[in-house]
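Residue numbers 520 to 1189, in our numbering, belong to the letters of the sequence shown in order. For glycine and all other residues, C-beta sits at the position ideal for the given N, C-alpha and C. In this text the structure is predicted, and so the values were computed from the model without any measurement.
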Amino acid sequence: AARATRAAGTAQALANRAAAAARVARDAANSAAAHADKAAAAAEEAAANAGKAIEYAKRSTEYANQAVEAANTAADAVKEAQEVEAAARKAETDRIAEETELGILEARVRAKAEIADAERVEKQLTQAAQTSDEIKGLIATAEAALAAGNTASAVTVGRKAAVRLLDSSGTWTRGAAEFALAGSDHDVANWIDADRLLAQQQDDRENVLALAQASTAGVAEGAERALADSDPNAATAFLETGAIEAAAVENRVMVFKILAQDPGRAVKAKAQAALDAGTPQALHHFLTVELTAATKEDDQVEIFRLLETGGPYMRSAAQIVLEGSARMRRAFVVRDKFNIARLDHDHATHVSAIRATLAHAAKVAAKALEDAARASKAAADARKAAKEAAEWAAKADDHAQDAANSATQARANADAADKSAASAAQSAKAASAAALTARGAARSANYSMRRASASAKQAVAYAVDAQASAARAAASAQQAGQDARAAAAAASQARAIAAQKRRAEAAAAAKKAAEEARKHQENGTNPSDKPENDDTGDTKWLGLWPEDMKDPKDWAAATGHWSTVFGTASVVLGVAALFPTPASPVLGGLAFGAGLISWGLQGVSAGLSGWGYGWDSSQFHQALGLFVVGGVFFGKGRLFSKFGVAEEIGAKVSGVVSDAATTVVGWLTW
């Protein structure tokens, strides 16, 4: 907190000194000009009144001395302003360097988390593969025992296999396993013999239908054919190979689109190799496997390029993301770099504008010195001091050259400011284009997720109905006095009837989905490109308004996001206050106020998190940690939540997050 206060005080002091120096330079230059005018007038008066030469020479000398003094004051004031501006730039550079180290620290935490996640997923996949192999072995053993007439052994092994399928992602498979385990040995035997395979095939059909409803025309038509096929294994075959073949044309188009976007060298090479191979499998392998690895390689190259060529904020951001996760680097390359570039251009525009102003002041001061020197020459001429007059003439020429040089610098800085402003506008356009692309990708993902979710809900409903039908059939058989074997057979028959009904409905739904996909293809429309697909369901308006007005969890998220917004506002205002303008003190106050609001909103978010998730929940502890951190860092603490280190940030961060670097971190993680 002390360092934050000291940094803020230093920045404000620099701004005040620069503003004061600029005012002194202006006033002194005006005074020098006035005195020079008086000296020149006195010299002219001396020349016109030769008889009173001595008196007029004294008066001219007096005015000339005053002009020199005023001009020197103006020059000293300009020098002071330039020194303050240089000190401000150095202080800013030092802060960015210090805060880049902080960003790198947090990026490494994110990178470690990504590696840990990948290792965990790999472990889970390995375990899933081992479990799958184990289940297949158990089922094969049970089927063999049942075929050999050893029903007791088959049932024992079958129950073990059914237990391992209770967490299956297939709703029909899971339901059939639950029913078998809850039933008699005859139910388990029927599960081994027929029900399990029927459920597995039905789950494959549900997956094919979901694929049809969320895919393009080629895949949807292939899915329609698979579901209309009488072969019970048609859906399974489509998922294993048919979908890849059905998507071959569209995958080829996608590869050409990727090449048209002028990707990096690695992506180009892999894409061209897939096109040269020409097989559906090669295209699919490129899009699902090779593209990711090649993109990571190209992202690394692009970030190093930006590290070498970018401005201070771009270099800071590049250093941070190079230490971060692959997801951070991808987001930086496709979207965030444009916003960071805009920060750099805005920064360059402001710096150039300030330096142009100072160069103009230096020109005015040099002109005042020139005028004072010429006035002194005139005074010397009036006193008939030829040597002194020559010296003042030489000084006047030197000051005239200084004025010309300052004018050139002023024009150069003004041109640089204009160029930076134009670059900022171009970066803004690029950022908007990247945002549109990102929005399209997000809409497509949300659309596919919603369609898949709807399909999954339907699959669950039908699987539950099938299980209920089987239970009713078994109960009816038992009430009719039939034995357990007959009851189990009745249940299996009821499940088969339900599956047959669902197969017919799924085929009809796939046909409808294929027709819709064909229409969209013919009309050139994208069903996912609609505003309703912008929302992922948690909070609306980029997370700034709760989806459920009565849900404290949504309100906690929304107020937390508002905290970030005000924290960023504090950043922008704080940076603007560094530049020596009359508004600097006001901007500094506004920055402090925005930081306080941000901190207060984080406190509200912490309270709502405790209410919604529980006072002992990790969500509340994290929000509370951010609230405390926000108090130390003037409203920027919310940004640390993106790194997942809010609860331990106090132990890891020894310094204060500056406004500039927090803005960079905010763009990288928002």
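If you reduce the DSSP assignment to three classes, tell me which class residue i lands in.
{"i": "N924", "result": "helix"}
{"i": "G843", "result": "coil"}
{"i": "A667", "result": "coil"}
{"i": "A766", "result": "coil"}
{"i": "N752", "result": "coil"}
{"i": "G1043", "result": "coil"}
{"i": "T807", "result": "helix"}
{"i": "D714", "result": "helix"}
{"i": "A731", "result": "helix"}
{"i": "D1002", "result": "coil"}
{"i": "L1187", "result": "helix"}
{"i": "T1049", "result": "The sequence as given places Lys at residue 1049; Thr does not occur at that position. Here K1049 sits in coil by DSSP."}
{"i": "P782", "result": "coil"}
{"i": "A1102", "result": "Because the pLDDT of A1102 is 40, which lies under 50, any placement of that residue in the model is unreliable, and the number read from its coordinates should be weighed accordingly. In this structure, A1102 counts as coil in the three-state DSSP scheme."}
{"i": "S688", "result": "coil"}
{"i": "T798", "result": "coil"}
{"i": "S703", "result": "coil"}
{"i": "G829", "result": "coil"}
{"i": "R1157", "result": "For R1157, the predicted model reports a pLDDT of 37, less than 50, meaning its position is unreliable; a value from the coordinates is still stated below. DSSP places R1157 in helix when its eight states are reduced to three."}
{"i": "L1097", "result": "At L1097 the pLDDT is 36, less than 50, meaning the model places this residue with poor confidence; the figure from the coordinates comes in the next sentence. The answer is coil: DSSP assigns L1097 none of H, G, I, E or B."}
{"i": "E910", "result": "helix"}
Please check the pair residue i and residue j, which I expect to be a contact at CB under 8 Å, by giving their CB distance rounded to whole angstroms.
{"i": "T735", "j": "A992", "result": "With a Cβ gap of about 41 Å, T735 and A992 do not count as contacting."}
{"i": "I623", "j": "E759", "result": "Between E759 and I623 the Cβ distance is about 45 Å, and since that is not below 8 Å, they are no contact."}
{"i": "A754", "j": "L746", "result": "6 Å"}
{"i": "Q819", "j": "T619", "result": "The Cβ separation is near 18 Å, so there is no contact."}
{"i": "M833", "j": "A626", "result": "The Cβ separation is near 15 Å, so there is no contact."}
{"i": "I822", "j": "F857", "result": "No, I822 and F857 are not in contact; Cβ-Cβ is about 14 Å, not under 8 Å."}
{"i": "V727", "j": "A742", "result": "5 Å"}
{"i": "A790", "j": "L778", "result": "5 Å"}
{"i": "D984", "j": "A1017", "result": "6 Å"}
Going by CA-CA distance only, name the one from the options that's closest to residue i.
{"i": "A813", "options": "P782, R1014, P1046, G797", "result": "P782"}
{"i": "F805", "options": "A785, A1006, R1021", "result": "A785"}
{"i": "A1006", "options": "A708, E641, S687", "result": "A708"}
{"i": "R715", "options": "R1014, D855, A607", "result": "R1014"}
{"i": "D750", "options": "I615, K642, N924, R1022", "result": "R1022"}
{"i": "I654", "options": "K679, V674, F823", "result": "K679"}
{"i": "N669", "options": "D686, D636, L684, H705", "result": "H705"}
{"i": "E1192", "options": "L621, K1020, A607, K896", "result": "Since the first residue of the chain shown is 520 and the last is 1189, residue 1192 is not available in this structure."}
{"i": "G656", "options": "A788, I711, G689", "result": "I711"}
{"i": "A801", "options": "I777, F775, K815, N770", "result": "N770"}
{"i": "G702", "options": "K598, D984, D1002", "result": "D1002"}
{"i": "L684", "options": "D595, I658, T868", "result": "I658"}
{"i": "E1041", "options": "G737, D595, A666", "result": "G737"}
{"i": "N481", "options": "R849, E1024, K886, L1187", "result": "What is shown of the chain runs 520 to 1189, which leaves residue 481 out entirely."}
{"i": "E1024", "options": "Y981, A996, A989, A606", "result": "Y981"}
{"i": "T868", "options": "E816, L730, A931", "result": "A931"}
{"i": "V883", "options": "A596, N584, D686", "result": "A596"}
{"i": "Q719", "options": "V772, H864, K642, A756", "result": "A756"}
{"i": "G761", "options": "K789, P799, A779", "result": "P799"}
{"i": "V853", "options": "Q780, H803, A985", "result": "Q780"}
{"i": "V628", "options": "A996, Q721, S871, S844", "result": "S844"}
{"i": "E602", "options": "A985, R1004, S988, A881", "result": "A881"}
{"i": "E1034", "options": "G689, Q986, Q732", "result": "Q732"}
{"i": "T612", "options": "D855, D863, A990, V772", "result": "D863"}
{"i": "V774", "options": "T807, D748, N752, R744", "result": "T807"}
{"i": "D817", "options": "A836, R614, R849", "result": "R849"}
{"i": "Q977", "options": "T690, A673, E638", "result": "T690"}
ask   = Is it a yes or a no for the segment 790 to 804 touching the segment 822 to 842, going by three-plus beta-carbon pairs under 8 Å?
value = The segment 790 to 804, when compared against the segment 822 to 842, does not touch it at the 8 Å Cβ threshold.
inquiry  = For the segment 996 to 1013 against the segment 1026 to 1046, do three or more pairs of beta-carbon atoms, one drawn from each stretch, fall closer than 8 Å, so that the two count as touching?
reply    = With the cut-off at 8 Å, the segment 996 to 1013 and the segment 1026 to 1046 do not touch.
query = Would you call the segment 657 to 667 and the segment 686 to 701 in contact, with 3 or more CB pairs under 8 Å?
reply = Segments in contact, no.
Cβ contact check for the segment 1039 to 1047 and the segment 760 to 779: 3 or more pairs under 8 Å = With fewer than three CB-CB distances shorter than 8 Å, the segment 1039 to 1047 does not count as touching the segment 760 to 779.
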